[in-house]
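Trainee: I am attaching a structure below and will ask some questions about it afterwards.
Number of protein chains: 2
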Amino acid sequence: MRCDLLAVGTELLLGQIVDTNSAWIATQLAAMGIDTMEQRTVGDNEERIVTALTEMLARADAVIVGGGLGPTQDDLTREALARLAGVPLRRRPELEAHIREVFAARGREMAVSNLRQADLPEGAAAIPNPFGTAPGIRLELGSGAGSLAGKVVYAVPGVPDEMRPMVTRHVLPDLVARSGTPAVIRSRSLRTWGVAESALAELIADRVEAQTNPTIAFLARGIEGIIVRITAKARDEREAGALLDAEEAVLRARLGDLCFGRDDETMESVVLDRLAARGWTLAVAESVTGGLVTARLTSVAGASRVLRGGVVAYATEVKRAVLGVRAERVVSGPAAVEMAAGVRRALGADVGIAITGVAGPELQEGRPVGTVWFGLALPGRPEESVTVRLPGDRERVRQFGAISLLNLLRLRLDADGGNPGP
Amino acid sequence: MRCDLLAVGTELLLGQIVDTNSAWIATQLAAMGIDTMEQRTVGDNEERIVTALTEMLARADAVIVGGGLGPTQDDLTREALARLAGVPLRRRPELEAHIREVFAARGREMAVSNLRQADLPEGAAAIPNPFGTAPGIRLELGSGAGSLAGKVVYAVPGVPDEMRPMVTRHVLPDLVARSGTPAVIRSRSLRTWGVAESALAELIADRVEAQTNPTIAFLARGIEGIIVRITAKARDEREAGALLDAEEAVLRARLGDLCFGRDDETMESVVLDRLAARGWTLAVAESVTGGLVTARLTSVAGASRVLRGGVVAYATEVKRAVLGVRAERVVSGPAAVEMAAGVRRALGADVGIAITGVAGPELQEGRPVGTVWFGLALPGRPEESVTVRLPGDRERVRQFGAISLLNLLRLRLDADGGNPGP
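Next up, the structure:
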C-alpha cells in the first residue's frame, strides 16, 4: 500500500507558513507500515491540483490531500476532486444542516458561501469533522477517472486540529482496511532520554528484528529524546491493548531508567508528578539556562502544586547575595551545590536544584563552552553536584542543560532515597 | 521566471524531520518576484529524483534541489542530475583538493567516499560551500536533456546552515540575472510588533501599491510580530543601499514605535542594547511566564553586561517573602508594581520589570484566563502597572505575555524619561 501526500495552499508556496502537516501524517503512515514515496505542494488552483493528483495517483494507491476545503472562492479541492473523478458536485442536505447548526450554536451569521462546504463529488463519502464545519472527503475513483479507477483520494482540512482526528480515526483505519490487514490499530509511545538512537536500537535489536505485530519504530525528537513507538494491529480494542501491554513490559525491562514516560508525558510533567507523589515542593536556581528550566516546568498546567519558583542568578553578585554562594569559582561543583541549597532555603522548598555553566560564545573562568554543573539538594540525601560537557552552540547548550537537569532529578527521585549514585 | 523546489530525503518522507528549507527558500524567491508553483519531496532514490525533475522542469524554468549531496551511498542527487542532463559525472581536481584540505584542517581521517563530493555532471558549475565539504551545483541543461534544454537546476545541501548562504549569494542572483533584471538585489527587514497585518497594510497602503523598486512584502512571524521586507534591485551595491535607505526612512516615519528593529535584531536584543546604552542593569520578576522573559533575554550572547537575573515567584508566599509583595491580590496592578520594585531591590539592579497573570486552564482570584499585569520600575519615572487581556490558550498567554513585557519596557525606554504615558 502506497499513500502519497498533497498539500494545497498558496501561503505554503510563498513560504508564509511551514508545512508541518505532511511530516505528521508521514509518521502516522510509517507507523502503520504504509509507504509514502512523494509529498507535493501546489497552490489554490484547480488546474494544478488536478494535474498533481493525476500524476501522483498514476504511481500511488492513494493520496491524502490537505487544505482547500474552506468556504472561500480560493478553496478549490472539492472542485478538483470532482473533475478528477469525472463526476458532478452535489450538495448534501445532511451536511448543509450540520453547517447551519454549527453557526446557530455559535450565534453567528452564516455567509451563504459556507454552504459550499456541503458540496461533495458524487459517490464520495463525508469524513466527520468534530472541530469545524468542513467535512473531509473520501473519494474512490470510478470509471469516470479512466486508468485511475480504483484509486482513492482523502481530502482533509489544512488546520492541524481538524486534520489530525480525521486522519487518526478515519483515514488510517480505511487505508489499513484497504491493505487487507485487521481493523483496529493502536499505538503507544515510550519516551526515552539520554541514549543515542544507535545504542537504543542495539538494546532492543532482537525485538525490532522479530517484529511483525506489534511493530516497533524510532522517532527522534532532538533534545527531547527518542520515542520508541509500538503499534499493534488486532481484531478489537482489547486484543490490541493486550499486545501493547505485553510488548511495553518487555521493552521497559530492557530500557530501564532510559524510559522516562509514555505518550503525552514530558520530562517536566514526569518530574512534577514524582514530586507531587511524595508531597515535596521544588525550587530552581539557574545561571546558564537563564529561566529555561522553570519555563519548562511552568508549561505544565497545575505546576503550582509543586513548584514554588526559581531564581535566575545570572550575575555573580546575585549568586552570592540571593543564594549565598561562597565558592570562589561560580562555574564549579561547590557553586552548583550552594545554589541548589540556597534556592531551597530562600524559597522555602523541600527540593532545590541548580545549574551553572558556560553557554558561550566565550570561555568563563577558563572553562570551555559547554561545561555545565548541576546541583541537587533533596531531603534524606547528601547534597551533590554532577558535571557534564555538552556539545553544540549557545542555544543547544542551554536547551540541553535544562532538560539534563530535569532528567537528573528524575533519576534521583526514582533511585533509593539513600543512594547517592546515578 | 518560475522556479520550483524539490527536497530529497527519505527522512522527510518518514516525517522524521519537518522540511523548513522549502518555506525559507520560498520566502526568498517571493521577495525577488520569482514565482514558485510547486514544491515536492522524494526519497533518496535516483530514479524518483530524475522522474520528479523531468516532470517539474516541463513546467518550471528552474528547480532548486535540496539534499542528497552528502558523501554516503544514499546521496544520489549528483547521479540524478547527470542522468537528467544525459552527461557523465567528472571528478574535479580543485574540488577534491578543497575536500582534502578541509579534513586536514580539522585533523580528521578522510574516508574515500568523501571524494564523491568532488564529482560534478559535465558542464556543471560548483557553488562554493563556506561551511562544509559538499559544493552546490549549478547545471544548465543542454541538448542531452532533450526538450528540457535551456532549463537550469541548482542543487544545494539539505543542512540549513550550508544551504542558506548558497541560495542567498549564488542561486538568487543567478536566477535574477537569468530573468533579465539587474544584478544586485538587496533586502532589509523592518521588524514590527503590536499591530495586525491588516492595520499595518493600511498604514503603508500607498507605499505598497506604488511599489516597483523597492518592493515591499509582509512576513508574519506569529507572536514575534510582522516583518516588513524591503527589496531593491539595482546595478550595484551602492545604488541598492540608497534605494533601501530612502524607503526605510519613509516607512519608519509611518510606523513610528511599531517598528522595534531591523534584520537580525530581536525584541530582547533591542531591549538589552537600549539598556546598555544608558548603562542600566535589569532584573525580572515573573509569575505567569515562569522564566520565559529571562530565558529570552539570556538567549542573547552578552546579556550578562545588562541582566543581573530574575526571580520566578510562582507561589504566593515567594512573592511575599522574596519580593516583598503586600497587595492582597497577587494578580493585580499593585502586586505587579511591588514585584518589579522588589526584584530591582533584591537583585541590586537599576531597572525592575514584572509580570503576573492567569495562564489557565483555571481562573485565579476570580480573574479570567489571559488577564495579565505588567509592573515597571525605572529610574526617573514613577513606578507603574499596565494590564492587558491576552487571547489564546495557556502556552500562548505565556509566550505573548513574555514578549509583551519586553515591548512595554522598550516603549518606556524610547519615551521621554519623565513621561509616564502611553
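Those sequence lines, one after another, are chains A and B.
For the first sequence, counting from 1, position 285 maps to 285 in our numbering; every step adds exactly one.
Count along the second sequence starting at 1, add 422, and that's the number in our numbering.
Note that CB positions come from ideal geometry on N, CA and C, so glycine has one too.
Strictly below 8 angstroms CB to CB, what residues from chain A border tryptophan 702(B)?
Mentor: Result: empty, since nearest Cβ-Cβ is about 14 angstroms, beyond 8 angstroms.
Trainee: Within its chain, find whatever has a CB closer than 7 angstroms to the CB of threonine 316(A); leave out the 5 residues flanking it on each side and keep chain order.
Mentor: Closer than 7 angstroms at Cβ, skipping near neighbours: Val330.
Trainee: Tell me, please, which residues DSSP counts as bridged to threonine 793(B).
Mentor: Looking at the DSSP assignment, threonine 793(B) forms a beta bridge with Arg811(B).
Trainee: Near tyrosine 314(A), what residues of its chain come up, given a Cβ to Cβ distance below 8 angstroms and the 5 sequence neighbours on each side ignored?
Mentor: So the list reads Ser287, Gly290, once near-sequence residues are dropped.
Trainee: Closest Cβ-Cβ distance between glutamate 460(B) and chain A: below 7 angstroms?
Mentor: Yes, glutamate 460(B) lies at the interface with chain A (some Cβ there is under 7 angstroms from its Cβ).
Trainee: Go ahead and label glycine 150(A) buried or exposed: buried means 16 or more other beta carbons lie within 10 angstroms of its beta carbon, across all protein chains shown.
Mentor: Its Cβ having fewer than 16 others within 10 Å, glycine 150(A) is exposed.
Trainee: Pull up the DSSP beta-bridge partners for aspartate 432(A), would you.
Mentor: Nothing about residue 432(A) can be reported from this structure: the residues present for chain A run from 1 to 422 only.
Trainee: Mind listing which residues of the segment 470-490 of chain B have their C-beta closer than 7 angstroms to chain A's C-betas, in chain order?
Mentor: If the cut-off is 7 angstroms between Cβ atoms, the segment 470-490 of chain B has Arg470, Glu477 near chain A.
Trainee: Short of 8 angstroms in beta carbon distance, which residues of its chain neighbour glycine 421(A), apart from the five on each side in sequence? Order them along the chain.
Mentor: In this predicted model, glycine 421(A) has a pLDDT of only 37, less than 50, meaning its place in the structure is not dependable enough to derive any value.
Trainee: Run through chain B and tell me which residues come within less than 9 angstroms of tryptophan 24(A), C-beta to C-beta.
Mentor: Within 9 angstroms Cβ-Cβ: Gly437, Val440.
Trainee: Just tell me which of Asp426(B), Glu631(B), Pro510(B), Ala675(B) has its CA closest to the CA of glutamate 477(B).
Mentor: It is Asp426(B).
Trainee: Could you tell me which residues DSSP puts in a beta bridge with aspartate 257(A)?
Mentor: Looking at the DSSP assignment, aspartate 257(A) forms no beta bridge with any residue, so it has no partner.
Trainee: When DSSP labels each residue in this structure, what does lysine 151(A) get in the three-state scheme?
Mentor: DSSP places lysine 151(A) in coil when its eight states are reduced to three.
Trainee: For arginine 308(A), decide whether its Cβ has a neighbour in chain B, counting only Cβ atoms nearer than 7 angstroms.
Mentor: Chain B contact via Cβ: present.
Trainee: Relative to the ligand SAH, is the shortest distance from any of its heavy atoms to the C-beta of alanine 642(B) smaller than 6 angstroms?
Mentor: No copy of the ligand SAH appears in this structure; indeed no ligand is present at all.
Trainee: Which residues does DSSP pair with aspartate 119(A) in a beta bridge?
Mentor: The partner list for aspartate 119(A) (beta bridge, DSSP) reads Arg91(A).
Trainee: Quick one: Cα of valine 797(B) to Cα of arginine 767(B), how far?
Mentor: In the sequence as presented, valine is not what sits at residue 797(B); that position holds glycine. About 14 angstroms.
Trainee: Within the same chain, show all residues whose beta-carbon is closer than 7 angstroms to that of glutamate 690(B), passing over the 5 residues directly before and after it, in chain order.
Mentor: Contacts found: Arg718, Leu719, Ser721, Val722, Leu828.
Trainee: Expressed to the nearest angstrom, what Euclidean distance is found between the alpha-carbon atoms of arginine 191(A) and glutamine 438(B)?
Mentor: Rounded to whole angstroms, arginine 191(A) to glutamine 438(B) spans 15 angstroms at the Cα level.
Trainee: What does the Cβ neighbour count give for glycine 431(B), buried or exposed, with the cut at 16 atoms within 10 Å?
Mentor: Buried is the call here.
Trainee: At least one CB of chain A closer than 7 angstroms to the CB of proline 842(B): is that the case?
Mentor: Here proline 842(B) scores only 37 on pLDDT, less than 50, and its place in the model should not be relied on; the value that follows carries that caveat. With 7 angstroms as the cut-off, proline 842(B) does not count as an interface residue toward chain A.
Trainee: Within a Cβ cutoff of 6 angstroms, which residues of the same chain sit near threonine 133(A), ignoring the five residues on either side of it in sequence?
Mentor: Contacts found: Ile99, Val102, Gln117.
Trainee: Under three-state DSSP, which class holds glutamate 140(A)?
Mentor: Correct three-state label for glutamate 140(A): strand.
Trainee: In the DSSP assignment, find the beta strand (DSSP E) that holds glycine 779(B) and state where it starts and stops.
Mentor: Residues 773-779.
Trainee: Quick one: list the residues of chain A neighbouring glycine 770(B), beta-carbon separation under 9 angstroms, in chain order.
Mentor: Neighbours of glycine 770(B) on chain A, chain order: Ala315, Glu317, Val318, Ala321.
Trainee: So is arginine 505(B) buried or exposed if we call it buried at 16+ other beta carbons inside 10 Å?
Mentor: Counting Cβ neighbours within 10 Å, arginine 505(B) comes out buried, since at least 16 surround it.
Trainee: Enumerate in chain order the residues of its own chain whose CB-to-CB distance from alanine 656(B) is below 7 angstroms, with the five nearest sequence positions on each side excluded.
Mentor: Correct list, in chain order: Pro604, Val606, Ala662, Leu665.
Trainee: Nearest-angstrom Cα distance between leucine 673(B) and arginine 684(B)?
Mentor: Roughly 12 angstroms between the two C-alpha positions.
Trainee: For chain A, check one thing: does any of its Cβ atoms lie closer than 7 angstroms to the Cβ of glycine 734(B)?
Mentor: Looking at the sequence provided, one finds valine at residue 734(B) rather than glycine. Yes, because at least one Cβ of chain A sits closer than 7 angstroms to the Cβ of valine 734(B).
Trainee: For alanine 474(B) and valine 575(B), I'd like the C-alpha separation in whole angstroms.
Mentor: Computed Cα separation, rounded: 12 angstroms.
Trainee: Leucine 831(B) CB to nearest chain A CB: under 7 angstroms?
Mentor: No, leucine 831(B) lies away from the interface with chain A (no Cβ there is under 7 angstroms from its Cβ).
Trainee: Whole angstroms is fine: what's the gap from arginine 278(A)'s alpha carbon to alanine 354(A)'s?
Mentor: Between arginine 278(A) and alanine 354(A), the C-alpha separation is close to 20 angstroms.
Trainee: Would you list the one or two residues that DSSP bridges to lysine 655(B)?
Mentor: Answer is Ile607(B), bridged to lysine 655(B).
Trainee: Return the CA-CA distance between proline 379(A) and valine 706(B), expressed in angstroms with no decimal places.
Mentor: C-alpha separation (whole angstroms): 29 angstroms.
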